[in-house]
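Reading through the structure tokens given below for one structure.
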Amino acid sequence: MTTRVLVAKVGLDGHDRGINVIARSLRDAGMEVVYTGLFQTPESVARTAVDEDVDVVGLSILSGAHLTLVPLVIDALRGLDAAIPVVVGGIIPQEDVATLRDAGVAATFGPGASMDDIVATIEAMSGAH
Amino acid sequence: MDHRSSRMKWQEAYEGTLAGATHATTQSGAPIEPVYGPDDGEFPGLFPYTRGIHPAMYRSKLWTMRMFAGFGTAPETNRRFHEIIDAGGTGISTAYDMPTLLGIDSDDVRALGEVGRCGVALDTIDDVADLYAGIDLGDITTSMTINAPAAVVFAMFVANAEDHGVDRARLGGTLQNDILKEYQAQHEYVFAPRPSLRLVRDTVVFATREMPRWHPLSVSGYHIREAGSTAAQEVAFTLANGFAYVELARHAGLAIDSYAPKMSFFFNAHIDFFEEVAKYRCARRLWATWMRDFYGARDERSWQLRFHAQTAGVSLTAQQPDNNHARTAVEALAAVLGGAQSLHTNAFDEAWSLPSADAARVALRTQQVIAFETNVTQVADPLGGSWFVESLTDQLQRDAGQLLEELMELGHGSMLEGCLAAIDNGWFEAHITDAAYAHQRAVQAGERLIVGVNSFVDDSPAPAPANQMSGDGDARQVERLAKVRRERDSDAVARTLLELRDAALDPEVNLMSSLMAASRARATVGEMMTTLAEVFGRYQVGAR
Numbered sequence: 000m001t002t003r004v005l006v007a008k009v010g011l012d013g014h015d016r017g018i019n020v021i022a023r024s025l026r027d028a029g030m031e032v033v034y035t036g037l038f039q040t041p042e043s044v045a046r047t048a049v050d051e052d053v054d055v056v057g058l059s060i061l062s063g064a065h066l067t068l069v070p071l072v073i074d075a076l077r078g079l080d081a082a083i084p085v086v087v088g089g090i091i092p093q094e095d096v097a098t099l100r101d102a103g104v105a106a107t108f109g110p111g112a113s114m115d116d117i118v119a120t121i122e123a124m125s126g127a128h
Numbered sequence: 000m001d002h003r004s005s006r007m008k009w010q011e012a013y014e015g016t017l018a019g020a021t022h023a024t025t026q027s028g029a030p031i032e033p034v035y036g037p038d039d040g041e042f043p044g045l046f047p048y049t050r051g052i053h054p055a056m057y058r059s060k061l062w063t064m065r066m067f068a069g070f071g072t073a074p075e076t077n078r079r080f081h082e083i084i085d086a087g088g089t090g091i092s093t094a095y096d097m098p099t100l101l102g103i104d105s106d107d108v109r110a111l112g113e114v115g116r117c118g119v120a121l122d123t124i125d126d127v128a129d130l131y132a133g134i135d136l137g138d139i140t141t142s143m144t145i146n147a148p149a150a151v152v153f154a155m156f157v158a159n160a161e162d163h164g165v166d167r168a169r170l171g172g173t174l175q176n177d178i179l180k181e182y183q184a185q186h187e188y189v190f191a192p193r194p195s196l197r198l199v200r201d202t203v204v205f206a207t208r209e210m211p212r213w214h215p216l217s218v219s220g221y222h223i224r225e226a227g228s229t230a231a232q233e234v235a236f237t238l239a240n241g242f243a244y245v246e247l248a249r250h251a252g253l254a255i256d257s258y259a260p261k262m263s264f265f266f267n268a269h270i271d272f273f274e275e276v277a278k279y280r281c282a283r284r285l286w287a288t289w290m291r292d293f294y295g296a297r298d299e300r301s302w303q304l305r306f307h308a309q310t311a312g313v314s315l316t317a318q319q320p321d322n323n324h325a326r327t328a329v330e331a332l333a334a335v336l337g338g339a340q341s342l343h344t345n346a347f348d349e350a351w352s353l354p355s356a357d358a359a360r361v362a363l364r365t366q367q368v369i370a371f372e373t374n375v376t377q378v379a380d381p382l383g384g385s386w387f388v389e390s391l392t393d394q395l396q397r398d399a400g401q402l403l404e405e406l407m408e409l410g411h412g413s414m415l416e417g418c419l420a421a422i423d424n425g426w427f428e429a430h431i432t433d434a435a436y437a438h439q440r441a442v443q444a445g446e447r448l449i450v451g452v453n454s455f456v457d458d459s460p461a462p463a464p465a466n467q468m469s470g471d472g473d474a475r476q477v478e479r480l481a482k483v484r485r486e487r488d489s490d491a492v493a494r495t496l497l498e499l500r501d502a503a504l505d506p507e508v509n510l511m512s513s514l515m516a517a518s519r520a521r522a523t524v525g526e527m528m529t530t531l532a533e534v535f536g537r538y539q540v541g542a543r
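Following this line, the structure appears as structure tokens:
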């Protein structure tokens, strides 16, 4: 079955170079990708993830607000009883990785992460899901 | 017909500059001429300005070392400004946080987690007063990197300066105010393109008539390049936007030579050294040629492309961050050899977070080393005449020129309409994303090497970012704002906002005086932007 991924920008961060490149890489790897567009709320991301029946949610945050916004997305998904794994890419300092993992994030990708790793990680996750 | 050789014309112009009688030598004592080249070739200070806009370039005036700063609350950023000035910075430049850039107040739920994080939080004129406290705004020039709410923040700035006794005519500086590239690359827009352009028009008309030292537009390719464009796309899209604003001001009834000399540009200084130098040279040549021959400008200052450069944020690596010093130095040198009027150098720690004060100081010192130790400032366009650089300049000119023609065709002879159509149909973003993706694939395949990322990788752990955020910036700004809301005259706020709304309903009215009145009544950025949104609507791009 084809892996379906929602890639999302949450909050006020308009930097979309990364998410555009990731979306295209995932599509090139044969996945179906839904991109929310910019400036989404945690609730709208969760709602779209459920409505689109995706296997994985990928959040892209470069503003540094990940510790505030990511847990809100996870809460919103739980509120909809959706057990969809969430991965986060962006400027995530090492010291924040554990905090995000504790909040329920399945994987994080920092600056310079390899596209092949991202694709492989998401592929593996959708199989497990 | 002027039959003098180019060199004679240049010589005459050169002798009229402050550099006229200067002599320069190399470190070892050999004489250095102010410019080199054949007598009938191109010269700096002469059309089409490929070799620079001034006949003496840095011999007559160094570039402005303008360091971009902003974080936390206004008093915190004000302290950083004073540190920059004390360290020899010759201009200041304000970075705003994301809520401010999107016209959202610090106490709005949408601002959660973002207040004071990527720049300074600014809600009311009181924040503006604290931001510039102790800085003589009639002396040091200020730059404001803001776009969607540019008119609002500019109105607050002018009103604050006047309330502190500095007449608007004495204010010198730059408002970025380049909304078109927001739809193309940076995505900090609020209203749709056309009502946003009305705000650009109002600020340009206001500054052109009342603020002779002010640059109301900084047409910015920086963000286009950071979003992933090629060098040719950076030049083409930026100049296209510049021409669009020229047409906008013309529609507003301004004579081209009254405002074009006040337009400025902002380019990236990326890592491909010679391509960057060629990029600035070709941008100057294209701008001069189009302004004279297509738009009919007669004042030579309208032909001269003045630009600020910033080293490339995307070239900085989070891995082995100390290597970023070398990248920034090389990029800054490209901007200088390319003839920049103003320069910001990134700090080595910025791949992780806003720069620490120490890192920002080293970045400024990097410029000072180039300016005062290397001797590169003695010769205008020292790479001019290099077969490689001249050939690259011509190549970029052809590539960018072709994109400009394509946009002009899309607009049926209007660059303004061409840009708007290409925003609507996603043309800009498609071009930029294609280029970004091609770059990333090349990195992935190891065809393009990045030291510390896909080559020369070592096991040294990535250092923790030197985060200078004090952690409770959100709460302190929300408290500052709550105090203003408590103490201001709410009737005056309501009245001035209503006047602003009425003014916005008439597209012929210039909104600057209404915005200044609301600023003085202590209306917030968010309140003014919400009032305008009631008339203009909000721009939304859906899922895809």
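As they're listed, the protein sequences go chains Y and S. Using numbering that gives the first Met the number 0, the letters of the first sequence map in sequence onto residues 0 to 128. Using numbering that gives the first Met the number 0, the letters of the second sequence map in sequence onto residues 0 to 543. Heads up, the beta-carbon is just placed ideally off N, CA and C, and yes, glycines get one too. Since this is a predicted model, take the numbers as computed values, not measurements.
At least 8 Å separates the beta-carbon of Q366 of chain S from that of T392 of chain S. As DSSP reads the structure, I31 of chain S sits in a beta bridge with S:A23.
Selection S:A325, S:W213, S:E498 evaluated against Y258 of chain S yields S:W213 as nearest (Cα-Cα). Q377 of chain S and T202 of chain S have their alpha carbons spaced roughly 38 Å apart. For the C-beta of L37 of chain Y, the chain S residues within less than 8 Å are, from N- to C-terminus, H186, V540.
Interface annotation for the segment 17-44 of chain Y against chain S: N19, V20, R23, V33, Y34, T35, G36, L37, criterion Cβ-Cβ distance under 7 Å. Looking at the DSSP output, R65 of chain S bridges to S:G90. The C-alpha of A235 of chain S is placed about 30 Å away from the C-alpha of T89 of chain S.
Within a 10 Å sphere around the beta-carbon of S454 of chain S sit fewer than 16 other beta-carbons, which makes this residue exposed.
Contacts with chain Y at 8 Å (Cβ-Cβ) do not include S390 of chain S. Shown here, S352 of chain S sits in coil according to DSSP, grouped into three states, outside any helix or strand.
A Cβ-Cβ contact shorter than 8 Å links V6 of chain Y with G57 of chain Y. Distances from the alpha-carbon of D38 of chain S to those of S:R3, S:R283, S:A147 put S:R3 closest. Along the segment 84-149 of chain S, the alpha helix (DSSP H) occurs as fully enclosed runs of 4 or more residues at 97-100, 124-130, listed in sequence order. Residue environment for Y436 of chain S: buried (at least 16 other C-beta atoms within 10 angstroms of its C-beta). The beta carbon of A491 of chain S sits closer than 7 Å to the beta carbons of A520 from its chain, once the five residues preceding and following it are set aside; these are given in chain order.
Within the segment 98-115 of chain Y, those residues whose Cβ lies closer than 7 Å to any Cβ of chain S are, in chain order, G109, P110, G111, S113, M114, D115.
Apart from sequence neighbours up to five positions away, the residues of its chain that approach L68 of chain Y with a beta-carbon distance below 8 Å are V9, G10, P41, L58, I60, ordered along the chain.
When Cβ pairs closer than 8 Å are counted between the two stretches, the segment 281-298 of chain S is seen to touch the segment 247-262 of chain S, the count reaching three or more.
Within the segment 52-69 of chain Y, contact with chain S at the beta-carbon level (separation under 8 Å) is assigned to S62, G63, A64, L66, T67, L68. One finds V20, R23 in chain Y with Cβ atoms closer than 7 Å to the Cβ of Y436 of chain S, taken in chain order.
In the DSSP assignment, A437 of chain S falls outside any beta strand (DSSP E) and lies within the alpha helix (DSSP H) extending over 426-443.
In the structure shown, I449 of chain S falls within a coil segment according to DSSP collapsed to helix, strand and coil. Taking a Cβ-Cβ cut-off of 8 Å, the neighbours of D15 of chain Y in chain S comprise H186, A226, given in sequence order.
Setting aside the 5 residues that flank it on each side, A28 of chain Y is surrounded in the same chain by V118, E122, each with a C-beta closer than 8 Å to its C-beta; the list follows chain order. The segment 523-542 of chain S and the segment 92-109 of chain S touch, with no fewer than 3 CB-CB distances between them shorter than 8 Å. Excluding the 5 residues flanking it on each side, A243 of chain S has same chain C-beta neighbours closer than 7 Å at L179, M414, L415, C418, in chain order.
One thing to note: A268 of chain S has its Cβ no nearer than 8 Å to the Cβ of G51 of chain S.
With a threshold of 8 Å between beta carbons, I83 of chain Y makes no contact with chain S. In terms of beta-carbon proximity, W351 of chain S lines the interface with chain Y, with at least one pair separated by less than 8 Å.
In chain order, S413, M414, L415 place their CB closer than 7 Å to the CB of E246 of chain S, counting only its own chain and leaving out the 5 sequence neighbours on each side. Residue pairing by DSSP places A106 of chain Y opposite Y:V86 in a beta bridge.
Burial state of S518 of chain S is buried, judged by a 10 Å Cβ sphere holding 16 or more other Cβ atoms.
The beta carbon of W62 of chain S is closer than 6 Å to those of A339, Q340, S341, L342 in its chain, skipping five residues each way along the sequence. At a Cβ-Cβ threshold of 8 Å, Y95 of chain S and G71 of chain S do not count as neighbours. M143 of chain S sits buried, since 16 or more C-beta atoms from the chains shown fall within 10 Å of its C-beta.
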